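Take a look at the structure set out below.
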Amino acid sequence: MDAATEMKPWSRDKMAAMVADDIPEGWYVNLGIGIPTLVANHVPLDREVIFHSENGVLGMGPAPPEAEINPWLINAGKQYVTLRKGGSYVHHADSFGMIRGGHLDLCCLGAFEVAENGDIANWATSENDTAPAVGGAMDLAAGAKRLWVIMEHTTKDGRSKLVKKCSYPLTAPHAVKRIYTNLGVFDVTAKGFEVRTIVPGLSREDLQARTDAPLYFKD
Amino acid sequence: MAINKFVQTMADALAGVKDGSTVLLGGFGAVGQPNQLLDGLIEQGAKDLTVAVNNAGSGRVGLARLMELRRVRKLICTFPRSRDPVVFETLYKAGEIELEIVPQGTLAQRIQAAGYGMGAFYTATSVGTPIARGKEHREFDGREMVLEYALKADLALIEAWQADRWGNLTYKDAGRNFNPIMAMAADLTVVQTQHVVELGDLNPEHIITPGIFVDRVLHIPYGDPPIF
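These protein sequences, in sequence, are chains A and B. Under the working numbering, think of the first position of the first sequence as 132, with each following residue one higher. Under the working numbering, think of the first position of the second sequence as -8, with each following residue one higher.
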C-alpha cells in the first residue's frame, strides 16, 4: 500500500482547530492576520482564552452578525469584531506594551519562511520590496512569551517554507517555538525541527522529502 | 479669562500650521481618524509635510488626497498596504514620496517617548532585521536592543468622542488607538470631537486625555466611521 496516495493535508480550519486545542484556558493570545485569525473560531467563549488585538482591544470576541456591527470596533485586520464581557480598550502604547513587555502568553503568526533556528520571515519578500508593510509583526515576534506559526508547509510552487536559513528579510531571529503546517506540527529545538505530529497517511520519509531542513523525531 | 479650548471654525482650528510641519495623525484604518481635520488641512494649504500615521490612506480622500496634492514630503508609517492605497503606491513607485517604515509598537513608543519628554529608548523589536541596520545596538540583561528616537511633532490631529471646554477627552471603543499618545507629543494638538459636554460632566476616572495635552477643539458630530 502506498501511504502517500491516501494522505490528505489538513485544511486551514483543521490547523486552526489544532492550535486552539493546544491553548490553555487563561492565556492572553494575539492572533495575526490570515490563518491565525481562524483560531478564535475554535475557542468557545466559555473557555476563557483572552484575545488581544494590537489596535488596543483586550478581550476580543467573535465577529458580530451584520445587523449588530459596531463600526468603532475592529481588529488588526480591520474586520469587525466584538468585545466580550470583561474586555477593555487601551491606547496604542499600552497595547504594544502588552506585546513588547512580554505580557502575552502566545502570539500566532503566518509566515513566508521559518528557519530551523526559529528565525521568522513574514513581512517582506525582498530587500527592496515595493512599499514594505511591517505592522505589528516585529513587535509581536520579539515580544510575546512564545511565538507559534501557522502556515502551509510549502509555497504554491512546492518550495518548503521550513528552511535551514531564511532567504527573505527577517521579522525576528530565534523567535518561533512551534509551527503548525498542513502536513505536521513541529517544535523548534536546539537540534532543529522536531516533529510532534504528522498528517495521517504521510510517512516520515515523505515529510522529510517536502521539508528543506532536517527533521528530528522523538523516538 | 476662563479656559475655553473650543474653536468655532476649521480655519481657527488649523490657523498657523506651517509648511514643513511634522504631523501626527490619529486613527487605525478609518476608526479614530480625524477625517474632517484632514480635509481642513487640505484646505489650509500647509505643504512639505511629514506625516506619521499607521496606514497610508485609502481611495482619494483624506490623507490620500493630501498626498495626491503633493503636500506630503515624507510618510512615517507601519503598514502602507491597507485597503485601496492607490495614491500612496503610485507616488512611492514614482519616487515622489519618502517612506519610513516603523514597526507599530516602535512608532507608538517613539510618539509616547516624545510626549514623556524622553529623547530615545532601546527596544528588542526589529533587532536582526533590515529595519535595525545602521542603528545603535546595546545589550540589556543579556538581550540585544536597538536605539530608537522620540518622534516629536509640530501638530497632532486627534479624533475624540467627548470633549469639554478644558479639552478633557474620551474616546469611542477602538477609536482610541494612537490618539491619546499623539495628543501628548505635539506642540499644537487639535481635536475634532463628536460630542461636547459641560465642564464637570465627564467622570474624572474616565477622562483618557486630560486637557493639558489639548490646545484646540472643534465640534464635528459626523457620526460613525463608514462600514465596509
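For every residue, glycine included, the Cβ atom is placed at its ideal position computed from N, Cα and C. The model shown is predicted, which means the values in this text are computed figures rather than measured ones.
Residues of chain B with CB under 8 Å from residue i, in chain order?
i: arginine 231 (chain A); result: Gly96, Gln100, Thr114, Ala115, Thr116
i: glycine 274 (chain A); result: Gly96, Ala115, Thr116
i: aspartate 270 (chain A); result: Pro94, Gln95, Gly96, Thr97, Thr116
Just the chain A side, please: which residues come within less than 8 Å of residue i by C-beta, in chain order?
i: proline 195 (chain B); result: Simply none; closest approach about 18 Å.
i: aspartate 215 (chain B); result: Pro202, Trp203
i: isoleucine 172 (chain B); result: His222, His223, Ala224
Helix or strand or just coil, what does DSSP make of residue i?
i: glutamate 59 (chain B); result: helix
i: glutamine -1 (chain B); result: coil
i: leucine 301 (chain A); result: coil
i: methionine 191 (chain A); result: strand
i: asparagine 45 (chain B); result: strand
i: alanine 134 (chain A); result: Unreliable positioning characterises alanine 134 (chain A) in this predicted model, as indicated by a pLDDT of 47, which lies under 50. A coordinate reading is not provided.
i: arginine 222 (chain B); result: As displayed, chain B neither begins before -8 nor continues past 219, which places residue 222 (chain B) out of reach and without an answer.
i: isoleucine 251 (chain A); result: strand
i: glutamate 91 (chain B); result: strand
i: isoleucine 154 (chain A); result: coil
i: glutamine 210 (chain A); result: coil
i: glycine 315 (chain A); result: strand
i: alanine 139 (chain A); result: Checking the sequence, you will find lysine at residue 139 (chain A) rather than alanine. Correct three-state label for lysine 139 (chain A): coil.
i: serine 219 (chain A); result: strand
i: glutamate 189 (chain B); result: coil
i: arginine 77 (chain A); result: Given a span of 132 to 350 for chain A in the structure shown, any question on residue 77 (chain A) remains unanswerable.
i: alanine 154 (chain B); result: strand
i: arginine 167 (chain B); result: coil
i: glutamate 197 (chain A); result: helix
i: isoleucine 172 (chain B); result: helix
i: arginine 99 (chain A); result: Nothing can be reported for residue 99 (chain A): it is not among the residues displayed for chain A, which extend from 132 to 350.
i: leucine 160 (chain B); result: strand
Is it true that the CB of residue j sits closer than 8 Å to the CB of residue i?
i: asparagine 186 (chain A); j: phenylalanine 19 (chain B); result: yes
i: glycine 125 (chain B); j: aspartate 270 (chain A); result: no
i: isoleucine 203 (chain B); j: leucine 160 (chain B); result: no
i: arginine 101 (chain B); j: leucine 142 (chain B); result: yes
i: proline 167 (chain A); j: leucine 278 (chain A); result: no
i: glycine 192 (chain A); j: arginine 215 (chain A); result: yes
i: alanine 272 (chain A); j: threonine 302 (chain A); result: yes
i: glycine 315 (chain A); j: tyrosine 347 (chain A); result: no
i: alanine 174 (chain B); j: valine 205 (chain B); result: yes
i: leucine 148 (chain B); j: serine 12 (chain B); result: no
i: valine 188 (chain A); j: glutamate 156 (chain A); result: no
i: valine 326 (chain A); j: phenylalanine 317 (chain A); result: yes
i: alanine 207 (chain A); j: isoleucine 251 (chain A); result: no
i: glycine 274 (chain A); j: arginine 231 (chain A); result: yes
i: alanine 144 (chain B); j: leucine 15 (chain B); result: yes
i: phenylalanine 131 (chain B); j: asparagine 45 (chain B); result: no
For residue i, which residues in chain B fall below 7 Å Cβ to Cβ?
i: tyrosine 220 (chain A); result: Asp164, Ala165, Arg167
i: threonine 302 (chain A); result: Thr120
i: glutamate 185 (chain A); result: Gln95
Residue i bridges to which residues according to DSSP?
i: alanine 111 (chain B); result: B:Tyr140
i: serine 291 (chain A); result: A:Thr285
i: tryptophan 279 (chain A); result: A:Cys239, A:Arg309
i: valine 160 (chain A); result: A:Phe182, A:Leu237
i: valine 181 (chain B); result: B:Leu148, B:Arg207
i: isoleucine 67 (chain B); result: B:Ala43, B:Glu91
i: glutamate 325 (chain A); result: A:Asp318, A:Tyr347
i: alanine 37 (chain B); result: Answer by DSSP bridge pairing: none, since alanine 37 (chain B) is not bridged.
i: phenylalanine 79 (chain B); result: Partner(s): none; phenylalanine 79 (chain B) has no beta bridge.
Find the residues of chain A that neighbour residue i, judging by a C-beta separation of less than 9 Å, and give them in chain order.
i: threonine 69 (chain B); result: Ala264, Val265, Gly266, Gly267
Give the residues of chain A in contact with residue i, contact being defined as C-beta atoms less than 7 Å apart.
i: glutamine 103 (chain B); result: Ala224
i: arginine 72 (chain B); result: Ala262, Ala264
i: leucine 90 (chain B); result: Ala262
i: glutamate 59 (chain B); result: By Cβ distance, chain A contributes nothing, its closest Cβ being about 16 Å from glutamate 59 (chain B), past 7 Å.
Can you list the residues of chain B that residue i reaches, using a CB-CB cut of under 9 Å?
i: lysine 209 (chain A); result: Phe19, Gly20, Ala21, Val22, Asn46, Ser73, Arg74, Phe219
i: valine 319 (chain A); result: None at all; the shortest Cβ gap to chain B is about 15 Å.
i: phenylalanine 182 (chain A); result: By Cβ distance, chain B contributes nothing, its closest Cβ being about 13 Å from phenylalanine 182 (chain A), past 9 Å.
i: valine 188 (chain A); result: Asp164, Ala165
Nearer than 7 Å: is that true of the beta carbon of residue i relative to any heavy atom of the ligand MG?
i: leucine 142 (chain B); result: No copy of the ligand MG appears in this structure; indeed no ligand is present at all.
Review point. Given a limit of 8 Å on CB to CB distance, which residues of the segment 115 to 140 of chain B reach chain A?
Key: Ala115, Thr116, Ser117, Val118, Gly119, Thr120, Pro121, Ile122
Exercise for review: Can you give me, in chain order, the residues of the segment 15 to 27 of chain B that have a beta carbon less than 7 Å from any beta carbon in chain A?
Suggested key: Phe19, Gly20, Val22
Check your understanding: Which residues, taken in chain order from the segment 181 to 209 of chain B, show a beta carbon closer than 8 Å to some beta carbon of chain A?
Key -> Ile199
Review point. If contact means a Cβ-Cβ distance below 7 Å, which residues of the segment 239 to 255 of chain A contact chain B?
Key: none
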